[in-house]
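Each remark here refers to the structure printed beneath this line.
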Amino acid sequence: MLLIDGSYGEGGGQVLRTCLSLSVVLNKPFRIFNIRKNRPKPGLQPQHLACVKACAEISKAEVSGAELNSTEIVFIPKKKPAKLIYTFNIKTAGSTSLLFQTLLYPLALSEGGELILKGGTHVPFSPSFHYIKYVFLPFVEVLGLKAEVQLEKAGFYPKGGGKIRVSILPWNKFILPDMGKEFLPENIYIHSMVSEDLPHHILERQMNSAKKKLLEKNLEPSDEIFERVKSDSSGTMVFVYAVDKDKVKRAGFSELGKKGYPAEKVGENAVYKFLEFIKTKAQFEEHLADQILIPLSFVLINSIEKGFSFTICKITKHLLTQAWLIPQFLEKIAIKISGKEGEPGEVEIERK
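Each residue of the sequence shown is one higher than the last, beginning at 76 in the working numbering.
Here's what the structure looks like:
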């Protein structure tokens, strides 16, 4: 049985989610201790417990330690996930995006399936629904993995209450694309979003400030999308994403609004993150970089290639943690990160 120290690297929920996902795909049991040791509230919180229970349900796993605040679990998957409609409710503003990414590979590498997930859809410290729909999923589709997501109700912090619906197809064609060189944006899109209870002028102010910041750098948005959404909690967001000239690479940046945070700043800061990424001349932004290590590893295992590499705008603890953890489950894979944490770098994925 694999033994994993959950305090390694970023020492948060990501270690647990990656273990769960790969355990179900590969039918490998594991024991993890020191779960979320580096967080203010160590152990399993509701959103992490939801991931454990969801993975246990789809794989009929035997689990011990699956309770609130637990710092250790043993997880033994028993069955390949069946093609069913699964419904999971986090019951807080916990991220539906992170739960979706945990379940994606077990279902895609089995028979596919459908998910109805309830919780947070646009919350701090996780990819927004928009990021999943417009950046993450289009990239993994290039790799051969197809899934569709729909937003049925937005969920902001603190109440959550959002709902997404996902359809996942079986992943049986593995494609290693030419990822070109530096990211050169061909199309840039701006989404300005507010909950229905907030005034319309916030939408306009967010959009105008985002657009102005882009135009200062002689960049013009290809489209401007205004969205008013149903939600149990008030919330706003600006989401900026770009598609590379090669039609393969994508980059996305969200900025969430909050009380006392001017709408203009929300728009400006979303674009600022994008401009900072472009400056580095890297192929991938830091968030997508750590999210694609799992699918790229599966592609390489099913490829005749011996390896490949790509550049990233910033080396993060999340990336370093994934690079350490994935090869413990996928023994045929080696992942090397060149560069210093917090600075641009290079990722190499090789087949042993």
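Glycine included, each C-beta is placed from N, C-alpha and C at the ideal position. No experiment lies behind these values; they were computed from the predicted model shown.
- Counting along the chain, no beta strand (DSSP E) covers residue 288; the unbroken alpha helix (DSSP H) around it starts and ends at 275-290.
- Excluding sequence positions up to five before and after residue 372, its CB lies within less than 7 angstroms of the CB of 401, 405, 408 and 424, all in the same chain and listed in chain order.
- Scanning 118, 104 and 337 for the CA closest to the CA of residue 81 turns up 118.
- Checking the DSSP bridge columns, you'll see residue 262 partnered with 318.
- When the beta-carbon positions are compared, residue 223 and residue 201 stay at least 8 angstroms from each other.
- By the C-beta criterion, the region 149-161 is judged not to be in contact with the region 206-217, since fewer than 3 inter-stretch pairs fall below 8 angstroms.
- For residue 225, the enclosing beta strand (DSSP E) starts and ends at 222-228.
- For the set 419, 79 and 137, the Cα lying nearest the Cα of residue 112 is the one of 79.
- A direct Cα-to-Cα measurement between residue 165 and residue 130 gives close to 13 angstroms.
- In the three-state DSSP reduction, residue 294 falls in the coil class, being neither helix nor strand.
- In the same chain as residue 143, and ignoring 5 residues on each side of it, the C-beta atoms closer than 8 angstroms to its own belong to 118, 119, 120, 121 and 124, in chain order.
- DSSP lists 269 as the bridge partner or partners of residue 311.
- Taking all protein chains shown into account, residue 139 has fewer than 16 neighbouring C-beta atoms within 10 Å of its C-beta and is therefore exposed.
- Close CB contacts of residue 244 within its chain, under the 6 angstroms cut and outside five residues either way in sequence, are with 187 and 221 (chain order).
- Counting along the chain, residue 386 sits inside the beta strand (DSSP E) bounded by residues 382-387.
- The C-beta separation of residue 416 from residue 395 comes to about 7 angstroms, placing the pair in contact by the 8 angstroms criterion.
- Under the three-state reduction of DSSP, residue 379 is assigned to coil, being neither helix nor strand.
- By the Cβ test, the region 257-273 is in contact with the region 293-310, since at least three Cβ pairs between them sit closer than 8 angstroms.
- Take residue 232, set aside five residues on each side of it, and the residues of its chain with a beta-carbon closer than 6 angstroms to its own are 168 and 198, in chain order.
- In the displayed model, residue 192 falls within a strand according to three-state DSSP.
- The alpha-carbon of residue 321 is positioned some 9 angstroms away from that of residue 256.
- With fewer than three CB-CB distances shorter than 8 angstroms, the region 333-348 does not count as touching the region 168-185.
- Spanning the alpha carbons of residue 413 and residue 420 requires a straight line of approximately 6 angstroms.
- Each residue's CA atom was taken as its position, placing residue 307 and residue 229 some 8 angstroms apart.
- Nearest in C-alpha terms to residue 194, of all of 176, 172, 208 and 207, is 172.
- Here residue 176 is buried, its C-beta having at least 16 other C-beta atoms within 10 Å.
- Note on geometry: alpha-carbon atoms of residue 375 and residue 427 lie some 11 angstroms from one another.
- The beta carbon of residue 174 sits closer than 8 angstroms to the beta carbons of 122, 125, 126, 129, 163, 165, 192 and 194 from its chain, once the five residues preceding and following it are set aside; these are given in chain order.
- Under the three-state reduction of DSSP, residue 344 is assigned to helix.
- When rounded, the separation of the alpha-carbon atoms in residue 86 and residue 95 is 15 angstroms.
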